[in-house]
Amino acid sequence: MMITIPCVDLKSVTSSVSDSGIAKQLDEALSSHGFCYIQGHGISESKISQIFEANHAFHRLAQHDKEAIAVNAFHRGYIGKGASKTITSTVAEPTHSN
0 MMITIPCVDL KSVTSSVSDS GIAKQLDEAL SSHGFCYIQG HGISESKISQ IFEANHAFHR
60 LAQHDKEAIA VNAFHRGYIG KGASKTITST VAEPTHSN
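Numbering-wise, numbering that gives the first Met the number 0 puts 10 at position 11 of the sequence shown, and it's gapless, one number per residue.
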């Protein structure tokens, strides 16, 4: 059985395909699969590599260094494992952290 991952091409933004068409493709992909490939975004391979390396470098930091940039009032910063709870119900309390 071969599983396919939906792909949404953002190059269509600059073509005759409407924004609503791209939005529909994204909605379908994310609703049915939860994720998708995005192509045609215009981000260079070298920039993507730099971003991945920055991500790896951050996660190699000591825990106290990551905690020094804890999430702020603008929702920017580090949130450690087990430090938050997502509340999705008005009926029940969360029983454990994320």
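Ideal Cβ placement from N, Cα and C applies to all residues, glycine included.
The alpha helix (DSSP H) enclosing residue i, as first and last residue numbers
i, result
"Ile37", "Element bounds for Ile37: not the alpha helix (DSSP H) but the beta strand (DSSP E), 36–38."
"His27", "One point to set straight first is that residue 27 is Glu, not His, in the sequence displayed. Where Glu27 is concerned, the enclosing alpha helix (DSSP H) stretches over 18–31."
"Ala56", "44–59"
"Glu66", "62–66"
Residue i versus the options, residue with shortest Cα-Cα distance
i, options, result
"Arg29", "Asp18, Ser43, Ile42, Ile4", "As written in the sequence, residue 29 is Leu, which differs from the Arg given in the question. Out of Asp18, Ser43, Ile42, Ile4, Ile4 has the C-alpha closest to the C-alpha of Leu29."
"Lys80", "Tyr36, Phe73, Asp18, Glu66", "Glu66"
"Asp64", "Lys46, Glu44, Glu92, Ile78", "Ile78"
N-terminal and C-terminal residue of the beta strand (DSSP E) that residue i is part of
i, result
"Val7", "6–8"
Distance between beta carbons of residue j and residue i, contact taken as under 8 Å
i, j, result
"Leu9", "His58", "Going by Cβ atoms, the distance from Leu9 to His58 rounds to 28 Å, so no, they are not a contact pair."
Residue i burial status per 10 Å Cβ neighbour count (16 or more: buried)
i, result
"Val90", "exposed"
"Val70", "exposed"
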